[in-house]
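Chains A and B are the protein sequences, given in the same order. Each residue of the first sequence is one higher than the one before, starting from 1 at the first, in the numbering used here. Each residue of the second sequence is one higher than the one before, starting from 1001 at the first, in the numbering used here. Worksheet: the structure to be examined is printed underneath.
There are 2 protein chains.
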Amino acid sequence: MHDKLQSFIDEHKVIIEESLSQIMSELDAPESLKSSMAYSINAGGKRIRPLLVLATLEDLKVNCSDALKVACAVELIHTYSLIHDDLPSMDDDDFRRGSLTNHKVYGEAVAILAGDGLQALAFELLTKLTDTPPQLAIELIGLLSKASGAEGMVGGQILDIEGERKQLSLIELENVHINKTGALLSFCVEAGAVLATIPIEDKERLMIYAKNIGLAFQIQDDILDVTASTEELGKTAGSDETSEKMTYPALLGLEKAKERLGEHHRIARESLEFLNNDESLLGHLADYIVERRY
Amino acid sequence: MHDKLQSFIDEHKVIIEESLSQIMSELDAPESLKSSMAYSINAGGKRIRPLLVLATLEDLKVNCSDALKVACAVELIHTYSLIHDDLPSMDDDDFRRGSLTNHKVYGEAVAILAGDGLQALAFELLTKLTDTPPQLAIELIGLLSKASGAEGMVGGQILDIEGERKQLSLIELENVHINKTGALLSFCVEAGAVLATIPIEDKERLMIYAKNIGLAFQIQDDILDVTASTEELGKTAGSDETSEKMTYPALLGLEKAKERLGEHHRIARESLEFLNNDESLLGHLADYIVERRY
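Below, the structure is given as structure tokens:
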């Protein structure tokens, strides 16, 4: 990873996690619920979504005191989706990032409610922006609800569940990813653009960037599952094939999947040209996504 | 029920249900998810929450074109909470209002996601108000997220689950109801007050009204379970005692519970005096709550 991106992440990940902890500690809720919500919020992770919000504003050279709240709101949504995805009736996962999943610690009922509470809290947080015109705050709430709801992330999760039972076409596979993970990633970049109030055509360029790094990330994930060692991955290599999960290499073959990865990287890079900055964080992030080995 | 209240309900319930159907039909989501969300939204019910929003504005003699959207947003939240409450890991109910519960028809995974999608949709709907100043729309979103989240309804559901395992005091029992059902009912009345932009002291009077009818409703529910016949109730009478559910009659005895019901009714009625209207819908609603026999 490029040094500039690495130091940006090192610096801001701490700030994001402190802010998330603060938000959880201020919550006036029954102890078990609060503990369950905080457990998953404080469980670590790459914090890629909140970092994407902050990196977008950094690249746009806009300082916005509300950015951290927006960044945390996205992470609350992402965390609720992980808790619900891990449930026995969904992916039925006992572990996430090496720790027990929420329902394994608190039970299913509390885990479902913790997810529900985190979703509500995300929207509440967006009503507390202090330096953003109300009309823009409403725009952000509208964008986040759409990106995370039935027309975005939740819809993508359904497509993913249904896709497990059948052979998907390339368009269908892409549609799963565009909704399940892409919609929320796009929100992060769009939120930065909204807070920075940049021209609509530049916002659209950033949306193209977001869509393409989202797909690139997924393709690289699939490729690494085939090519990397279990040691490098930190999880069992080849597990996609074992679980008969539909992947890009399975659908296109490894070479075509790599070509497609390169294509998404190129488009993402090109869409950032308007920034006139060869050292943009978003550009380095796109590079990192295709170059990473785990 | 008083004629005036009855005709208000008859007229507006249809409008609310048409609007909810319209909202569902416009949703651009995967078919199974959309169908699952619409199944529970169109499953009927008293629509007491949206009616409360509209009745509050009617009593305040304020005509607000956005009221119906706010009313529907509350019903989306209420419906998501019912879907999640019915899940096997929660109340494990197979039937609601004589129909199969959502997860019995669509499976647990889809039911959880349908609830998640309905919550997001409620907040999205509140970003689409057209005649309300943005600052008030944000206030409404903040109030709804708080009322429905960990500090309100979701927190109350946790207290209810935990309360099943122990003997509750009167204060603890009240705290369950104030959060689990009261917070959202209070939001309905408060939302009407916010849309009508009435003075703060009148808003506080309406909040006292809301709190007291919420508790009165619950006490009457508990009393009817003891005193009414199974035929009158449309569900098994005495089921609370069989299930060892903590109730007001169990805690206070029947007579004291009835006294308490009367007290909440009196306070609710008194808090409406500022309306200077003996025929207010909210007043008739308070009367109906204590007089109903099923």
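Where is the CB? At the ideal position from N, CA and C, for every residue including glycine. The structure displayed is predicted, hence computed values, not measured ones.
Measure the C-alpha to C-alpha separation of residue i and residue j and round it to an integer number of angstroms.
| i | j | result |
| --- | --- | --- |
| residue 1220 (chain B) | residue 1258 (chain B) | 8 Å |
| residue 1125 (chain B) | residue 1252 (chain B) | 42 Å |
| residue 166 (chain A) | residue 1178 (chain B) | 47 Å |
| residue 56 (chain A) | residue 71 (chain A) | 11 Å |
| residue 1223 (chain B) | residue 1254 (chain B) | 7 Å |
| residue 1239 (chain B) | residue 1104 (chain B) | 22 Å |
| residue 97 (chain A) | residue 50 (chain A) | 18 Å |
| residue 1276 (chain B) | residue 1054 (chain B) | 19 Å |
| residue 1156 (chain B) | residue 1187 (chain B) | 15 Å |
| residue 1204 (chain B) | residue 36 (chain A) | 33 Å |
| residue 33 (chain A) | residue 1112 (chain B) | 18 Å |
| residue 265 (chain A) | residue 216 (chain A) | 7 Å |
| residue 139 (chain A) | residue 1127 (chain B) | 7 Å |
| residue 1173 (chain B) | residue 110 (chain A) | 19 Å |
| residue 19 (chain A) | residue 1245 (chain B) | 40 Å |
| residue 84 (chain A) | residue 1116 (chain B) | 9 Å |
| residue 970 (chain B) | residue 148 (chain A) | Residue 970 (chain B) is absent from the model: chain B starts at 1001 and stops at 1294. |
| residue 250 (chain A) | residue 170 (chain A) | 10 Å |
| residue 95 (chain A) | residue 80 (chain A) | 16 Å |
| residue 1038 (chain B) | residue 9 (chain A) | 42 Å |
| residue 1228 (chain B) | residue 1181 (chain B) | 22 Å |
| residue 294 (chain A) | residue 1160 (chain B) | 44 Å |
| residue 306 (chain A) | residue 198 (chain A) | Absent from the model: residue 306 (chain A). The displayed extent of chain A is 1 to 294, so no value can be given. |
| residue 1241 (chain B) | residue 1168 (chain B) | 15 Å |
| residue 1280 (chain B) | residue 1074 (chain B) | 22 Å |
| residue 1218 (chain B) | residue 1044 (chain B) | 20 Å |
Do we get a CB-CB distance below 7 Å when we pair residue i with the residues of chain B?
| i | result |
| --- | --- |
| residue 134 (chain A) | yes |
| residue 124 (chain A) | yes |
| residue 157 (chain A) | yes |
| residue 249 (chain A) | no |
| residue 76 (chain A) | no |
| residue 116 (chain A) | yes |
| residue 119 (chain A) | yes |
| residue 307 (chain A) | The first residue shown for chain A is 1 and the last is 294, placing residue 307 (chain A) beyond what the model contains. |
| residue 195 (chain A) | no |
| residue 204 (chain A) | no |
| residue 41 (chain A) | no |
| residue 58 (chain A) | no |
| residue 261 (chain A) | no |
| residue 67 (chain A) | no |
| residue 255 (chain A) | no |
| residue 268 (chain A) | no |
Classify residue i as helix, strand or coil using the three-state DSSP reduction.
| i | result |
| --- | --- |
| residue 1100 (chain B) | strand |
Looking at the C-beta of residue i, does it have a partner C-beta in chain A at a distance below 7 Å?
| i | result |
| --- | --- |
| residue 1145 (chain B) | yes |
| residue 1084 (chain B) | yes |
| residue 1149 (chain B) | yes |
| residue 1033 (chain B) | yes |
| residue 1100 (chain B) | no |
| residue 1089 (chain B) | yes |
| residue 1142 (chain B) | yes |
| residue 1154 (chain B) | yes |
| residue 1244 (chain B) | no |
| residue 1210 (chain B) | no |
| residue 1228 (chain B) | no |
| residue 1213 (chain B) | no |
| residue 1051 (chain B) | no |
Give me the residue from the options with the minimum Cα distance to residue i.
| i | options | result |
| --- | --- | --- |
| residue 1271 (chain B) | B:1211, B:1127, B:1244 | B:1211 |
| residue 283 (chain A) | A:91, A:189, A:176 | A:189 |
| residue 290 (chain A) | A:261, A:275, A:40, A:78 | A:261 |
| residue 196 (chain A) | A:61, A:218, A:76, A:288 | A:61 |
| residue 1091 (chain B) | B:1164, B:1114, B:1130 | B:1164 |
| residue 130 (chain A) | B:1225, B:1130, B:1135, B:1128 | B:1135 |
| residue 3 (chain A) | A:293, A:294, A:287 | A:287 |
| residue 1027 (chain B) | B:1007, B:1115, B:1079, B:1121 | B:1121 |
| residue 1194 (chain B) | B:1142, B:1047, B:1150 | B:1142 |
| residue 285 (chain A) | A:294, A:119, A:268 | A:268 |
| residue 66 (chain A) | A:201, A:44, A:192 | A:192 |
For the ligand GTP, I want to know if residue i counts as a neighbour, meaning its beta carbon is within less than 6 Å of at least one of the ligand's heavy atoms.
| i | result |
| --- | --- |
| residue 249 (chain A) | Ligands are entirely absent from the displayed structure, and the ligand GTP is therefore not among its contents. |
Looking at chain E, is there any beta carbon in it that lies within less than 7 Å of the beta carbon of residue i?
| i | result |
| --- | --- |
| residue 1073 (chain B) | Of the chains in the structure shown, none is chain E; the protein chains are A and B. |
(request) Would you list, in chain order, the members of the segment 1165-1193 of chain B that have their beta-carbon closer than 9 Å to a beta-carbon of chain A? (result) Taking 9 Å as the Cβ-Cβ cut-off against chain A, the residues of the segment 1165-1193 of chain B that qualify are 1179.
(message) Along the segment 6-38 of chain A, where does the CB come closer than 8 Å to a CB of chain B? Name the residues.
(response) Within the segment 6-38 of chain A, the qualifying residues are 27, 28, 29, 30, 32, 33, 34, 37.
(request) Check distances from the C-beta atoms of the segment 1271-1293 of chain B to those of chain A and list, in chain order, the residues that come in under 7 Å. (result) Of all residues in the segment 1271-1293 of chain B, none places a beta-carbon less than 7 Å from a beta-carbon of chain A.
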